[in-house]
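These notes concern the structure reproduced below.
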Amino acid sequence: MRLKEIQRTAHQAWSPAGHHPIYLALGTSAQQLDASFNTTAAIEIFEMDFADPSLEMQLKGSLPTTNRLHSIVWVNFGTAEDGTGGRLVGGSENGTLTVYNPEAIISSGAEAVVGESDKHTGPVRALDFNPFQNNLLASGANDSEIYIWDLNNFSSPMTPGAKTQPVEDISVVSWNRQVQHILASANPSGKAVVWDLRKNEPIIKISDHSNRMHCSGMLWHPDVATQLVLASEDDRQPVIQMWDLRFATSPLKVLENHKRGILSISWSQADSELLLSSAKDNRILCWNPNTGEVIYELPTTNQWCFDVQWCPRNPALLSAASFDGRITVYSVMGGSLKAQQQSTADMISSSFDTMDPFGTGQVLPPLQVPQPSVQETIIPPLKKPPKWVRRPVGASFGFGGKLITFENSKLPPVQSPQPVPRQVFVSQVTTETEFLQRSRELQATLKSGSFNNYCQAKIQNATSDAEQDIWKFLLVNFEDEARIKFLKLLGFSKDELERKISKCLGKNFQSNGHGVDAKDLAEKMQRLTTERSDEAAADARTSGSISPADFFSHTPKENSTFPIPVSCDTDGLISQALLVGNFEGAVDLCLNDGRYAEAILLSISGGEDLLKKTQQKYLSKQKSSISMLISSVVTQNWRDIVQNCELDNWKEALAALLTYAHPEDFACFCDTLGNRLEHEGTEKRCLQACLCYICSGNIEKLVECWALHRDCSSPLGLEDLVEKVMMLRKSIERLRNSEVAVQSPVLAEKLTCYAGILASEGSLSTAMTYLPDNSDQPGIRMLRDRLYHAQGEAAAQQQPPNSFNRVGVPTANPTPAAQPPAPKAPIMSQFQPSAPPQVPSQQQPPMPSIFTPQVPLPNPGPGLPSSTHAHPPSSTRPVVRPSYPQHPATAPAFSSHQPFQPQPVSSGGPFSPTGPPMPAANLAGPPLPPSSSTAGGLPPTPSPGVPPMGFVLSTSLPSGMTPPSSQPGAPGPVFPGSFHSQGPAPPMASSSFPPIGAGYPQGGPGAPAAKPFPAPVVAPPPTGPHDGWNDPPAVRTGPRKKKLPDNYTPPAPITAPVMGFPVEAPQPHNHTQVPPGAPQEPNVQLLQQLPAERVEQKEIPSEHMVLKTTFDSLVQRCQLAAGDPQTKRKLDDAGKRLGHLYDKLREQSVRIVLCSSRIIQISSQTGAGKVCFGSRCSAADGSWSTCRLRGDQYVLRDVMSTN
Amino acid sequence: MVSVINTVDTSHEDMIHDAQMDYYGTRLATCSSDRTVKIFDVRNGGQILVADLRGHEGPVWQVAWAHPMFGNILASCSYDRKVIIWKEENGTWDKMYEYTGHESSVNSVCWGPYEFGLILACGSSDGAISLLTFTGDQQWDVKKISNAHTIGCNAVSWAPAVVPGSLIDQPSGQKPNYVKRFVSGGCDNLVKLWKEEDGQWKEDQKLEAHSDWVRDVGWAPSIGLPTSTIASCSQDGRVFIWTCDDPAGNTWTVKLLHKFNDVVWHVSWSITGNILAVSGGDNKVTLWKESMDGQWACISDVSKGQGAVSTITDTQQNEQ
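Respectively, the protein sequence lines represent chains U and L. Quick note: the first sequence uses the UniProt record's numbering, first residue 1, plus one each step. Quick note: the second sequence uses the UniProt record's numbering, first residue 1, plus one each step.
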């Protein structure tokens, strides 16, 4: 197909293969004239711009020459790095050989001639350059002259040997393409001589002796060193002979097709099966010289073509110079001429301004270019595909990191006798070795469940402190007593702190191994208070300690006599106000005078409201840094801390949350704190925020926050994240004993990405496990489908693909279009059954529903109102029930969904699931959390009783946050709601758990109690089938009511001897009301002792009898003194609460006993002291304890006020 | 890093020119100078000849699998100037459509992203690119870009359908208005980008860097980044990576991946778009990956011979 054309009568030379762009040099031909009889001569250089579809060649440079040329070559000598440059060598009609610098011709023409020699005596018709040493050039002329030129030293050529005799014109010289020192020459008589330049002599002569071979061309075989072709110009023998020097007697092959003499030949260096020839029959043929077949004929004009040349760079191109004065560039790849003709028309029309060709300002109609009847000439390509389009090698990727490769031997098949095996290789490409290794480890861990070891290993191998911190936090989630350990991780150790406090107080710390011994403490406290305690108080203040000793030191000495001032100064006014019972006035006076201690002491006696008010006033006046903390602790306002603390104090804030925060709020507060840290934006803060999110168990936020500052696009970065997420998720699942569905889009995206990487590394089945299974994202769905199918039979058991909708593409008729989807459908439905189990977890998160029972009980039962349950809140106490996954009555969706067992189950500890014989021990015990439940602070949950069938799993406090769980089905023989009687229902207990998002564990992992019990451990619900998992727990009020009197009635005599001054225990918070999350070793100790002691439940332990006797006598005395009905009612109320308290005592709520007995003892000696202590406890402890103590306090306060 | 897990003996009687896995990686299609196309089931390491497709009258250069949502469809192109679309129906492969609109060798076929429907781009040595769109009822709509590459088009490759950056957040419900784009490379040494506007295909960009035929082009799959990436390889031994960050797609920057000593025939992106396989005339396949600092590094040589890899270690082999 014709590509470019120009009117020139010239010899041509393509720029060398390395030259870009492709240039064509044309030197005016000797012995020819065009119609103008112009006799000038020039060398012109044109650029072949094939991006331009027109036939134009762009002239790049031109140099007038004195002589016309017989030959021209472009030598790859002196080329620049980029392949440009080189040398043009022209052989002229007068024997001059001239070397030009094409660069110079293009740029200016100056100094374009870099060498010239007139050694030759006649026209130089033959030129060729050595393909191996491009400085070597051979030339041939008249009289058998052959010279070998060194372009580095152009002046003195060599000869290849003695001139052949008889002397003849040299029409062709040609260098061998394989052996660099072999040169061949041929002359018109048809003889060819092969020269060996090392020997400097001809080594063979070739002739067919027919005398008809007029050699117009001779070429060495591009690939075979011993073969060459000779072309004959003689019309009688218009053939191409192929010779092999090994059989030099006759031609190996004769290519016959031309009708008249051959003028020029050119052998493609890119494909030795392509040999061009032009002849006087006006044809240009392309041969496969190996077979002798003509494989192509160029569509040419009716003119002889005296020179054809393959383009060295673009193997599909050739140029042909014809006697009618045209140089034409053709492609052998075929095509259509239509486009070109059109473009010619375009060219013509565009040379006019079609709109206004004459500048008249008048718009003319569009120029009508006569369309030369566009007959689309389709020019076919070579019959045989040329070598350069035959792709020999390939590699392409397939799904799952597969690489498909194939290659073909470079040897021509002809020469390899054996059939070549045609193989395609499928390889697995893995680029992320470390990623895969870690992924495998993670996978193994997830399968084996050895999360602790995994986290430990991560901690050991952590590269940074931050990383280590995160893993430590994650590890804690898998351990018991998570909250304590979190605190330790944050740098708050109880032991350490106690030691410090002791040191601060100037005492030797004596650890008895299980916290503080009560007696020891009492002694110490006594000593403290009897001594002058200013010093201690000062220490305490400076140290920020809130040791009770501090408070006690402020209490008046009870043993000394004192005057009561009645003057008009503040003291006097205060005492007067006190004398008349005007607490409010007295408190105001104290506050006004800055006597905060007195103000608070008095306000405690003045009632709850006053106390609160006073606290508020006090706290509002205090601006010290510690006051905020105290304020928050006193008012239970953790929101303030998390929202307003300095971010640098995040650790402290988190510690406070861990110690105090209500489980319901814990996660939320942690998240709030995390959010603040995250918003700070720095990487450090974000990592800290991550710790907060780990505490709260908020996977989504963890992911989002992590992704803010860590690169998650790289596989290892993603692996880092996924490891943490999976661990956190596992810990939450372990807590909730259920699967945690991926809900956050960010997490889903990350997991999808992770799965994608796994897939691309070939871990298809593993990838499947990470793919969020509840997503409808098209991307995720498609990846799942792809993974599924890609695994072939191996995946038969796996999840069903959610495949895309198929589009029907019919083959024969449109109807079968519907077929493709059809087979798919069965597959899907077949797999469907496996899907539903997932559904509930994602669509109706079980969490909330499971917790519904905790909503206030609808019907307290008939007997209830009259019972001791005076406070409605008591009935709202959430009752946590075990979930019964297998329960027939449960929603069908759940039937197979075992994991859901939010039920906090005891972590074992000392309790074994107790059978009926020991109900009391089992139930009475847990005022203190079991050792493993970090939740220590949990209001002891006395499960009211054990049903005879032996139902109880060793119930424990699920977590710091779980409300006391009274076993619903259990008739509570022992526990008539003892702690309800202690005052206003504790806020925590009264609130049911809000349903927390499914992604969250309840309360966050910081709180959780320990190991989940496998479902089977849970006994079938005693309440019968109607009692579905989401039914409100049945409240057996009857038994309670019945039992209550039993507990209540026995009025114990006052027997207890009053012990020495019962100093307040320094561990007020050791009282039952330990804040959630602030478990203490003593608790544990006590707890562990419990089982043994608990057997006799009916009796109040003797050491606590003092309480009962004291209280009872107090109440009695009060009742005697009380006149008005209101007071009497209060006293009744107090009596009821005492009943509850006694129950507690029976249940071995040791710590309340400790506390209470001290109160009582105090109260029996000094009124102020006991009150102070009570308030102290309430202030220092968590919500539950506060309430309970307030309950006690009520009693005492009532006593006081009536007294 | 690269280990042969399956060697498929194709029994082709001449050079193999292309081998492509289907969407799931379970079937392998090969084509050869022996004028046939073969399909093998290679699941679980097997190699079961599923089909031996005869219909071309010249060497078959390339094969391309359509997305499975359209059924099992394979396109092949040949030196015989034909494009044949094959389809499996009830386990039998048959000719579904034969396109004879090119005047010279059809060198490359490539299916568009499934979001565009069933659309095939074909690049030919006649310089034209054809776009065949299935319109239903056995009808194929043909659009032809004449003279796309003057001396011939060697390769075509579609742009991913996703608007860069929205891999996950595709608006659901309404059908996104995709802009159809593809890239081509040809004997004019150019890489050209084409865009469909109002149903017409227009040249969008012309990327110049190669100094010889562009042998292959590959538009990288979107990996969710707002960057378009194209690899091109050439007769000149160079492989270029073209990237474009701007949404309009107008500013392309080029980076030389490597200059090989021989012609580079083929480039292929991994499914996730992070690895580029480059196959050269020296029968060498190299894998390339962009490092964090944006440099491209060769991560593996798939050396001569049995496709085995020189860098593979014992442990890695054991892992497989």
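Cβ coordinates follow ideal geometry from the N, Cα and C atoms, glycine included.
Indicate the three-state DSSP secondary structure (helix, strand or coil) for residue i in the structure shown.
{"i": "Lys4 (chain U)", "result": "strand"}
{"i": "Phe37 (chain U)", "result": "coil"}
{"i": "Pro1125 (chain U)", "result": "helix"}
{"i": "Leu225 (chain L)", "result": "coil"}
{"i": "Ile5 (chain L)", "result": "strand"}
{"i": "Gln576 (chain U)", "result": "helix"}
{"i": "Asn644 (chain U)", "result": "helix"}
{"i": "Asp137 (chain L)", "result": "coil"}
{"i": "His19 (chain U)", "result": "coil"}
{"i": "Gln616 (chain U)", "result": "helix"}
{"i": "residue 321 (chain L)", "result": "What the structure shows of chain L is the stretch from 1 to 320, and residue 321 (chain L) is not part of that stretch, so it cannot be assessed."}
{"i": "Val124 (chain U)", "result": "coil"}
{"i": "Asp34 (chain L)", "result": "coil"}
{"i": "Arg181 (chain L)", "result": "strand"}
From this set, the options, which residue's C-alpha is nearest residue i's C-alpha?
{"i": "Asn461 (chain U)", "options": "U:Arg1146, U:Ser272, U:Val476 and U:Asp720", "result": "U:Asp720"}
{"i": "Thr26 (chain L)", "options": "L:Gly45, L:Ser32 and L:Leu193", "result": "L:Gly45"}
{"i": "Trp269 (chain L)", "options": "U:Pro238, U:Gly394 and U:Ser631", "result": "U:Gly394"}
{"i": "Trp14 (chain U)", "options": "U:Glu256, U:Arg87 and U:Arg499", "result": "U:Arg87"}
{"i": "Ile295 (chain U)", "options": "U:Arg639, U:Leu276, U:Ser144 and U:Glu683", "result": "U:Leu276"}
{"i": "Thr84 (chain U)", "options": "U:Val746, U:His70, U:Ile626 and U:Glu47", "result": "U:Glu47"}
{"i": "Trp267 (chain U)", "options": "U:Leu252, U:Ser144 and U:Ile240", "result": "U:Ile240"}
{"i": "Gly90 (chain U)", "options": "U:Trp149, U:His209, U:Met333 and U:Leu505", "result": "U:Trp149"}
{"i": "Val73 (chain U)", "options": "U:Lys503, U:Ala17, U:Asp593 and U:Cys690", "result": "U:Ala17"}
{"i": "Ser632 (chain U)", "options": "U:Asp118, U:Ser322, U:Asp609 and U:His662", "result": "U:His662"}
Do you know how far the Cα of residue j is from the Cα of residue i?
{"i": "Ser605 (chain U)", "j": "Phe583 (chain U)", "result": "8 Å"}
{"i": "Asn142 (chain U)", "j": "Ala126 (chain U)", "result": "10 Å"}
{"i": "Gln227 (chain U)", "j": "Trp243 (chain U)", "result": "6 Å"}
{"i": "Thr150 (chain L)", "j": "Asn72 (chain L)", "result": "34 Å"}
{"i": "Lys617 (chain U)", "j": "Gln643 (chain U)", "result": "21 Å"}
{"i": "Ile170 (chain U)", "j": "Gly217 (chain U)", "result": "11 Å"}
{"i": "residue 1207 (chain U)", "j": "Asn152 (chain U)", "result": "The structure shown does not extend to residue 1207 (chain U), since chain U is modelled only from 1 to 1203, so the question has no answer here."}
Give me, in chain order, the residues of the same chain whose beta-carbon lies closer than 8 Å to that of residue i; leave out the 5 immediate sequence neighbours on both sides.
{"i": "Gly717 (chain U)", "result": "Arg710 and Asp711"}
{"i": "His181 (chain U)", "result": "Asp196, Leu197 and Arg198"}
{"i": "Lys750 (chain U)", "result": "Val703, Ala707, Cys712, Leu718, Leu721, Val722 and Val725"}
{"i": "Pro456 (chain U)", "result": "What sits at residue 456 (chain U) in the sequence shown is Gln, not Pro. Once the five neighbours on either side are set aside, the close Cβ partners of Gln456 (chain U) are Leu475."}
Between residue i and the rest of its own chain, which residues show a CB-CB distance below 7 Å, the 5 nearest in sequence each way excluded?
{"i": "Ser713 (chain U)", "result": "none"}
{"i": "Cys753 (chain U)", "result": "Leu718"}
{"i": "Lys472 (chain U)", "result": "Ile459 and Leu489"}
Go through its chain and collect everything with a Cβ distance to residue i's Cβ below 6 Å, but skip five positions before and after it.
{"i": "Ala51 (chain L)", "result": "Ile39 and Trp93"}
{"i": "Cys686 (chain U)", "result": "Glu678, Cys705, Leu708 and His709"}
Open item on the list: Under 8 Å, with one C-beta from each stretch per pair, do the segment 324 to 333 of chain U and the segment 216 to 227 of chain L reach the 3-pair mark?
Closed with: In short, these stretches do not touch, since the Cβ pair count stays below three.
Task: Contact between the segment 232 to 239 of chain U and the segment 255 to 269 of chain U (3+ Cβ pairs under 8 Å) - done: Taking 8 Å as the limit for Cβ pairs, the verdict is that the segment 255 to 269 of chain U does touch the segment 232 to 239 of chain U.
- [ ] Evaluate contact between the segment 462 to 472 of chain U and the segment 55 to 74 of chain L, counting only Cβ atoms and requiring at least three cross-stretch pairs below 8 Å.
- [x] No: the two stretches stay apart, fewer than three of their Cβ pairs being nearer than 8 Å.
TODO: Flag this pair as touching only if the segment 394 to 406 of chain U and the segment 12 to 19 of chain L have three or more C-beta atom pairs under 8 Å; answer yes or no.
DONE: Taking 8 Å as the limit for Cβ pairs, the verdict is that the segment 12 to 19 of chain L does touch the segment 394 to 406 of chain U.
Open item on the list: Does the structure place the segment 156 to 163 of chain U close enough to the segment 101 to 112 of chain U that three or more beta carbon pairs sit under 8 Å?
Closed with: Look at the beta carbons and you see the segment 101 to 112 of chain U not touching the segment 156 to 163 of chain U: under three pairs across the two are nearer than 8 Å.
Open item on the list: Three Cβ pairs or more, each shorter than 8 Å: is that satisfied between the segment 3 to 11 of chain U and the segment 297 to 304 of chain U?
Closed with: Counting C-beta pairs with one atom in each stretch, the segment 3 to 11 of chain U and the segment 297 to 304 of chain U have fewer than three that are closer than 8 Å, which means they do not touch.
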